[in-house]
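Residue numbers (the numbering used here): 222 to 659.
A quick write-up on the structure given underneath.
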Amino acid sequence: MGIKVVKFGGSSLADAEHFRRVAAIVKADPERRFVVASAPGKRYSSDVKVTDMLYRCYDMVRNHEDITAYYAKIAGRYNDIIRDLGLNFDISGELEYIRNAITHHSGRDFAASRGEYLNSLILAKYLGFDFIDAESVVFFRENGVYDEEKTKVELRAELKQHQRAVIPGFYGVMPNGTIKTFSRGGSDVTGSIVAQAADATLYENWTDVSGFMMADPRVVKDPEAIKTITYRELRELSYMGASVLHEEAVFPVRNAGIPINIRNTNEPEAPGTMIVAGTKEYDAERIITGIAGKKGFSVITIEKDMMNAEIGFGRRVLDVLEDNEMPFEHLPSGVDTMSVVVASEYLEERREKLIASLNKRVRPDSIVIEDGIALIAVVGRGMVKAKGTAARVFNAISSADVNIRMIDQGSSELNIIVGVDERDFNKAHNAIYHEFVK
Ligand code: ASP
Numbered sequence: 222m223g224i225k226v227v228k229f230g231g232s233s234l235a236d237a238e239h240f241r242r243v244a245a246i247v248k249a250d251p252e253r254r255f256v257v258a259s260a261p262g263k264r265y266s267s268d269v270k271v272t273d274m275l276y277r278c279y280d281m282v283r284n285h286e287d288i289t290a291y292y293a294k295i296a297g298r299y300n301d302i303i304r305d306l307g308l309n310f311d312i313s314g315e316l317e318y319i320r321n322a323i324t325h326h327s328g329r330d331f332a333a334s335r336g337e338y339l340n341s342l343i344l345a346k347y348l349g350f351d352f353i354d355a356e357s358v359v360f361f362r363e364n365g366v367y368d369e370e371k372t373k374v375e376l377r378a379e380l381k382q383h384q385r386a387v388i389p390g391f392y393g394v395m396p397n398g399t400i401k402t403f404s405r406g407g408s409d410v411t412g413s414i415v416a417q418a419a420d421a422t423l424y425e426n427w428t429d430v431s432g433f434m435m436a437d438p439r440v441v442k443d444p445e446a447i448k449t450i451t452y453r454e455l456r457e458l459s460y461m462g463a464s465v466l467h468e469e470a471v472f473p474v475r476n477a478g479i480p481i482n483i484r485n486t487n488e489p490e491a492p493g494t495m496i497v498a499g500t501k502e503y504d505a506e507r508i509i510t511g512i513a514g515k516k517g518f519s520v521i522t523i524e525k526d527m528m529n530a531e532i533g534f535g536r537r538v539l540d541v542l543e544d545n546e547m548p549f550e551h552l553p554s555g556v557d558t559m560s561v562v563v564a565s566e567y568l569e570e571r572r573e574k575l576i577a578s579l580n581k582r583v584r585p586d587s588i589v590i591e592d593g594i595a596l597i598a599v600v601g602r603g604m605v606k607a608k609g610t611a612a613r614v615f616n617a618i619s620s621a622d623v624n625i626r627m628i629d630q631g632s633s634e635l636n637i638i639v640g641v642d643e644r645d646f647n648k649a650h651n652a653i654y655h656e657f658v659k
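Right, here's the structure in full:
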């Protein structure tokens, strides 16, 4: 029998009703032996996540404000869950201890981590599973970086002692014993770490969407869910703004060859999205896997006659960027022009200085900076085999009466990136989507 590690996000554990759904999912498959839990998320759109409430308590203490009334709301969230589940479980001692600790300046990360700690205690009780505190099995180094080696050894040994257990997500411990969290959304990372240590056959990540969508639902109406996506495609799409999973969650399981299955707690019968390493066993069902895009880019175009014969020109341009601590996104170039695509935020205070440095270092004929560019990435492992994909992308965009400002295709043929004016972003996005998904 294989082992599945299942992680439930905050919206999947926001109230008793969701706890029941979670229990039904866990109990439906005996392979679901290790459960990683987030803190209670929002119950409705204007609600506040418990993690945010805990951060607020921490800030209040720093401002010498009394947290009693506000903390009572946090306690209320947990007590409501316990009561509505009909559990005979008293966590008042824990709640009191935590309130005291926060009041006496326990660290910011300690405060935030108690959201998952308490939720996991309740979930373990409700499921009848053991509770393993992340504090005893997830380690960080002195410099704050996650300690993979130590965690693997200790966590693996601990998991062996348990048939079934709940482990809180999001945090671990520093060498000096203080609590440290991953960045926001970090329970995804814990889930991945647990899956790796358990030698799981699958890491199920349960959330409130039925997987990765082929396009951003805020831009394209009711986009289809992606059935399978490779880690590399996922990286390309996430980089361009598509987000369902914490970026760092991919590494532990990818290295161990464990697939991730994104599932929807509110629609458990939907297969969700499988994130896999190889493409052999999962042939692409479509030429393109997904589309994602971001606004807020600028294109710096540098022109100089006979540039292509000037050795070291490109290096000098990049040196200037480096001196100004500016990362770049793309470098499309022509015979006598070189363009650099950068996120506009980096230009805010450095525009004049950058132009002056470029003038000095490469003595160009002209430098033009255009702002307001949006980038759209069309990603798909199926593109390697299909001829004419680029033509279809460009045709779709021009048929929508949108002017393409920049094109970049990596030689891996995993993606095509086009730059358009920001005002054409939605139009271009939809045109590409409907070209490939009828
Ligand atoms: N509760 C934490 C957050 O809101 C971590 C998580 O849910 O993954 O960021």
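Glycine residues also receive a C-beta, built at the ideal position from the N, C-alpha and C atoms.
Because the structure is a prediction, the values reported are computed rather than measured.
Please report how far the alpha carbon of A293 lies from the alpha carbon of D273, in whole angstroms. Distance between the alpha carbons of A293 and D273: 14 Å.
Any chance the CB of K270 is under 8 Å from a heavy atom of the ligand ASP? Result yes, Cβ under 8 Å from the ligand ASP.
Buried or exposed for P251, going by 16 or more other Cβ atoms inside 10 Å? Under the 10 Å beta carbon count, P251 is surrounded by fewer than 16 other beta carbons and is classified as exposed.
Contacting residues, own chain, Cβ-Cβ under 6 Å from A463 (five flanking each side not counted): Only residues of its own chain outside the window of five on either side were considered, and among them A513 have a CB closer than 6 Å to the CB of A463, listed in chain order.
Measure the C-alpha to C-alpha separation of Y472 and S413 and round it to an integer number of angstroms. The residue asked about is misnamed: residue 472 is Phe in this sequence, not Tyr. For F472 and S413, the gap between their C-alpha atoms comes out near 8 Å.
Under 9 Å, do R602 and R453 count as touching if we go by C-beta distance? Result yes, Cβ atoms of R602 and R453 sit closer than 9 Å.
Counting pairs of beta carbons, one from the stretch 649-658 and one from the stretch 608-618, are three or more of them closer than 8 Å? Counting Cβ pairs under 8 Å, three or more are found: they touch.
Rounded to whole angstroms, how far is the Cβ of E515 from the Cβ of L596, which I believe are closer than 8 Å? Here the sequence assigns Lys to residue 515, which means Glu is not the residue at that position. About 6 Å separates the two Cβ atoms, so the contact holds.
Which class does R475 belong to by DSSP, given the choice of helix, strand or coil? Here R475 carries a helix assignment [DSSP, helix/strand/coil].
Is G593 close to the ligand ASP? I mean its beta-carbon at under 8 Å from any heavy atom of the ligand. No, Cβ of G593 sits at least 8 Å from all heavy atoms of the ligand ASP.
In terms of residue numbering, what span does the alpha helix (DSSP H) encompassing Y276 cover? Where Y276 is concerned, the enclosing alpha helix (DSSP H) stretches over 271-283.
Under 7 Å Cβ to Cβ from D519, same chain only, skipping five residues before and after it: list those, please. Inspection of the sequence shows that residue 519 is occupied by Ser rather than by Asp. Counting only residues of its own chain and dropping the five nearest sequence neighbours on each side, S519 has a CB closer than 7 Å to the CB of V563, S565, L568, I590, E591, D592, I594.
Are the stretch 356-368 and the stretch 250-267 in contact at 8 Å, needing three or more beta carbon pairs? As far as the Cβ criterion goes, the stretch 356-368 does not touch the stretch 250-267, which means the pair count is below three.
For F240, name the three-state secondary structure that DSSP assigns. Helix at F240.
Taking only heavy atoms of the ligand ASP into account, decide whether any of them is closer than 8 Å to the Cβ of A260. The answer is yes for A260.
Count Cβ pairs between the stretch 419-433 and the stretch 392-405 that sit closer than 8 Å; are there 3 or more? No, they do not touch.
I need the straight-line Cα distance from R320 to R484, nearest angstrom please. Cα to Cα, R320 sits roughly 34 Å from R484.
Should M461 go down as buried or exposed, given a rule of 16 or more other Cβ atoms within 10 Å for buried? Only buried fits M461, as 16 or more other CB atoms lie within 10 angstroms of its CB.
Ends of the alpha helix (DSSP H) at T558? Segment 558-564 is the beta strand (DSSP E) holding T558; no alpha helix (DSSP H) there.
CB I388 to CB I353, shorter than 9 Å? With respect to the 9 Å criterion, I388 and I353 are classified as neighbours on the basis of their beta carbons.
How is R385 classed by DSSP in three states: helix, strand or coil? It is coil, neither helix nor strand.
Which partner residues does Q630 have in the DSSP bridge list? I637, per the DSSP bridge assignment.
Pick out whichever of L306, D437, L466 has its Cα sitting closest to the Cα of G230. Scanning L306, D437, L466 for the CA closest to the CA of G230 turns up L466.
So L596 is in the beta strand (DSSP E); what residue range does that whole segment cover? Its beta strand (DSSP E) spans residues 587-600.
So V227 is in the beta strand (DSSP E); what residue range does that whole segment cover? Looking at the DSSP string, the run of the beta strand (DSSP E) that includes V227 is 225-229.
Quick check: the Cα distance between V556 and E531, rounded to an integer number of angstroms? Going from the Cα of V556 to the Cα of E531 covers about 11 Å.
Helix, strand or coil at I509 according to DSSP, with G and I counted as helix: In the three-state reduction of the DSSP assignment, I509 falls in the coil class.
May I ask you to report which of helix, strand or coil DSSP gives M222? It is coil, neither helix nor strand.
S408 versus I576: straight-line alpha-carbon distance, rounded: The C-alpha of S408 lies about 43 Å from the C-alpha of I576.
DSSP state of N426, grouped into three classes? Correct three-state label for N426: strand.
So if DSSP puts V257 in a beta bridge, which residue, or which two residues, is it bridged to? Per DSSP, K228, I388.
Of the choices Q382, R264, S341, N636, whose alpha-carbon is the least far from that of A598? Comparing C-alpha distances from A598 to each of Q382, R264, S341, N636 shows the shortest one belongs to N636.
Quick one: grab the DSSP three-state call for G555. Residue state, collapsed to three classes: coil.
Between the Cα of I479 and those of D420, V441, A260, R264, spot the shortest distance and give me the residue it belongs to. Of the candidates D420, V441, A260, R264, the one whose C-alpha sits nearest the C-alpha of I479 is D420.
Sequence-distant residues of its chain with Cβ nearer than 7 Å to E369 (five each side left out): Within the same chain, E369 has no close Cβ partners at all.
Check whether the Cβ of D330 lies closer than 8 Å to any heavy atom of the ligand ASP, and answer yes or no. No, Cβ of D330 sits at least 8 Å from all heavy atoms of the ligand ASP.
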